[in-house]
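See structure below.
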Amino acid sequence: MEDTDRLYRHLIDMLTKAVRRDVAMLDRMIADDFLEFGASGTAFGKREVLQQLPAAEDGPAIHAQDFQARRLGEDVVQITFKSVRAPASSAPRYTLRSSIWRRRDNAWQMVFHQGTVTEPFAVV
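Counted from 1, the sequence shown has number 115 at position 115 by UniProt numbering; the numbering is strictly sequential.
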């Protein structure tokens, strides 16, 4: 899949503090009809993400690994991966993640994301 590396890069970028604080960048990367089911069990739309994510306190870096892509349509791709966030003051949080990306006008945007807490896994 020729776009796979680009989508992996988009996801990795979205985990960085620089992109998470950049409302204009997030607005370009997230579709207007975006929906997220967070690992907390809360559902979010694009508006909530653009309001809350840039204002969130800095947390520990998020490590992502084991990316896999699956084409769902000509211009729709699902990316799955694992992530771990290890705050200094508490136990690491291991998560399985799934994102669906749609290409419009030669640009990819995330339309859906879900994080599900999982058992610890080996970090590579």
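Glycine included, C-beta positions come from ideal geometry on N, C-alpha and C.
What distance in whole Å lies between the Cβ atoms of residue j and residue i, which are believed to be in contact at a cut-off of 8 Å?
i          : j             : result
alanine 69 : threonine 118 : 20 Å between Cβ atoms; not a contact.
serine 98  : glutamine 114 : 5 Å
Answer yes or no: do residue i and residue j have a C-beta to C-beta separation smaller than 8 Å?
i            : j                : result
leucine 11   : phenylalanine 81 : yes
glycine 59   : arginine 93      : no
serine 31    : valine 111       : It is worth fixing the name first, because residue 31 is alanine in this sequence and not serine. Contact: yes.
valine 77    : leucine 15       : no
arginine 9   : leucine 53       : no
threonine 95 : alanine 56       : no
arginine 103 : aspartate 75     : yes
Name the one or two DSSP bridge partners that residue i has.
i                : result
lysine 82        : Gln65, Leu96
phenylalanine 37 : Ala43, Gln114
glutamine 109    : Arg102
Express the C-alpha separation of residue j and residue i in angstroms, rounding to a whole number.
i              : j             : result
threonine 42   : valine 49     : 12 Å
tryptophan 101 : alanine 122   : 27 Å
glycine 45     : valine 124    : 32 Å
leucine 72     : isoleucine 79 : 10 Å
glutamine 109  : alanine 88    : 33 Å
lysine 17      : threonine 116 : 21 Å
What residue from the options has the CA that sits closest to residue i's CA?
i              : options                     : result
serine 83      : Glu74, Phe34, Gln65, Leu53  : Gln65
asparagine 106 : Gln51, Met29, Lys17, Thr116 : Met29
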